[in-house]
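Presented below is the structure to which this report refers.
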Amino acid sequence: MQFLDPDHPFFRRPASRWATALLPLAWGGFEVWAGDPGWGVLFIGAGVYAFWMLILKGPAGGSE
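For the sequence shown, the tail end lands on 90 under the numbering used here, and the numbers increase by one without skipping.
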């Protein structure tokens, strides 16, 4: 079992994959802007990992 499985049925739609990848990045940017770089780094790291797994690597079933 993976931490973030791109083949899970929830991530079948591209909008779900993009939202899961971009929302943590946006929230991390907000945290850095608000003066809390610790939380910012945490959320940006989660967003980068999600972007890598869901967008760049993508599901094994094919490209969407």
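All C-beta atoms in this analysis are idealised placements derived from N, C-alpha and C, irrespective of residue type, glycine included.
{"Check": "If we count Cβ pairs, one from each stretch, closer than 8 Å, do we get three or more for the stretch 69-88 versus the stretch 48-61?", "Outcome": "yes"}
{"Check": "Kindly indicate the opening and closing residues of the alpha helix (DSSP H) around Trp53.", "Outcome": "Pro40 to Trp59"}
{"Check": "Starting from Asp77, trace the alpha helix (DSSP H) in both directions and tell me its first and last residue.", "Outcome": "Note on identity: in this sequence residue 77 is Phe, with Asp being the wrong assignment. First-last of the alpha helix (DSSP H) with Phe77: Pro63 to Phe77."}
{"Check": "Excluding sequence positions up to five away, which residues of its chain have a Cβ less than 8 Å from the Cβ of Ala47?", "Outcome": "Gly73, Ala76, Phe77, Leu80 and Ile81"}
{"Check": "In this structure, how does DSSP classify Leu82 when only helix, strand and coil are distinguished?", "Outcome": "helix"}
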